[in-house]
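Undergrad:
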Amino acid sequence: MSQTSQIDTSANTSQVMDRPITVSVASLLLVLNVLILVGWWLIAPSDIESNGAQVFFTILWFSVAISVFRGYGWVRWAILAVLIVFLVEILNTGEPIGAMQQMPFGDQASKTMALVALILLFLPQSHQWYKQIKAYAKAIEAEESGRNK
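Residue numbers for the sequence shown, in our numbering: 93 to 241.
#1: Are the Cβ atoms of Ser202 and Val115 separated by less than 7 Å?
#2: What are the boundary residues of the alpha helix (DSSP H) that includes Tyr222?
#3: For Gly238, count neighbouring Cβ atoms within 10 angstroms of its own Cβ and tell me buried if that reaches 16, exposed if not.
#4: Can you grab the Cα-Cα spacing for the pair Leu212 / Pro137, in whole Å?
#5: Over what stretch of residues does the alpha helix (DSSP H) that includes Met192 continue unbroken?
#6: Can you give me the C-alpha to C-alpha distance between Glu181 and Gln194, rounded to a whole angstrom?
#7: Helix, strand or coil for Ala136, going by three-state DSSP, please let me know.
#8: Secondary structure at Gly163, three-state DSSP: helix, strand or coil?
#9: Is it true that the CB of Val108 sits closer than 7 Å to the CB of Tyr228?
#10: For a test of the three-state rule: what should DSSP assign to Asn125, helix, strand or coil?
#11: Give me the Cα-Cα distance between Val208 and Leu124, rounded to the nearest whole angstrom.
#12: Looking at Ile151 and Gly198, is the spacing between their C-beta atoms short of 7 Å?
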């Protein structure tokens with residue numbers, strides 16, 4: 093399921109470790125998140141006249157899934173921020189349990205999958221992979237800026 097990426101920088105050859113299964117599963121969960129949001133939107137459309145938020149979050153989660161898979165570690169923090177905003181919003185209702193129960197299934201499933209994906213993305217093997225990808229990107233950037241001088 094994972095591949096080793098051979099990376100050739102002109103001075104040396106580095107090897108980036110395999111994409112951990114945790115990152116692949118998290119990406120898959122985020123894609124499933126999109127499918128659930130779209131499916132639920134089609135099956136049980138909301139009474140809201142403007143569907144802008146639904147379109148926005150569908151595009152957001154799909155972009156996040158691709159970015160997570162491609163090695164953009166900062167996206168983990170964006171997911172965390174979205175979930176914190178959601179948590180604050182729920183807590184501000186005064187009845188968090190009731191608010192959660194009133195949420196449509198698609199929203200409940202979406203938030204749950206995002207939380208599981210977030211946990212997977214912060215596990216040590218995921219963190220190490222993102223750290224390695226970031227170090228590689230910095231090395232390439234330094235090499236390219238050295239060539240441009």
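All C-beta atoms, glycine included, are put in the ideal place defined by N, C-alpha and C.
TA: A quick look at the data gives this:
#1: Here residue 202 corresponds to residue number 110 of the sequence shown, with the count starting at 1. Here residue 115 corresponds to residue number 23 of the sequence shown, with the count starting at 1. Cβ atoms of Ser202 and Val115: not closer than 7 Å.
#2: On the sequence shown, residue 222 is found 130 positions in, with the first residue counted as 1. Run containing Tyr222: 216-239, per the alpha helix (DSSP H) assignment.
#3: Along the sequence shown, one-based indexing puts residue 238 at 146. Its Cβ having fewer than 16 others within 10 Å, Gly238 is exposed.
#4: The count along the sequence shown starts at 1 and reaches residue 212 at position 120. The count along the sequence shown starts at 1 and reaches residue 137 at position 45. Cα-Cα distance, rounded: 31 Å.
#5: Translated into positions along the sequence shown, residue 192 becomes position 100. Its alpha helix (DSSP H) spans residues 188-194.
#6: Within the sequence shown, residue 181 is the residue found at index 89, counting from 1. Within the sequence shown, residue 194 is the residue found at index 102, counting from 1. Straight-line Cα distance between these residues: approximately 14 Å.
#7: As a working mapping, residue 136 is identified with position 44 in the sequence shown. Coil at Ala136, not helix or strand.
#8: Sequence index remark: in the sequence shown, residue 163 carries index 71 (1-based). Gly163 falls in the coil class under three-state DSSP.
#9: Mapped onto the sequence shown, residue 228 falls at position 136. Mapped onto the sequence shown, residue 108 falls at position 16. Yes, Cβ-Cβ distance for Tyr228 and Val108 is below 7 Å.
#10: The sequence position of residue 125 within the sequence shown is 33, counting from 1. Helix.
#11: Counting from 1 along the sequence shown, the entry for residue 208 is found at position 116. Counting from 1 along the sequence shown, the entry for residue 124 is found at position 32. About 12 Å.
#12: The residue labelled residue 198 in the question sits at position 106 within the sequence shown. The residue labelled residue 151 in the question sits at position 59 within the sequence shown. It is not a contact, given that the beta carbons lie outside the stated cut-off.
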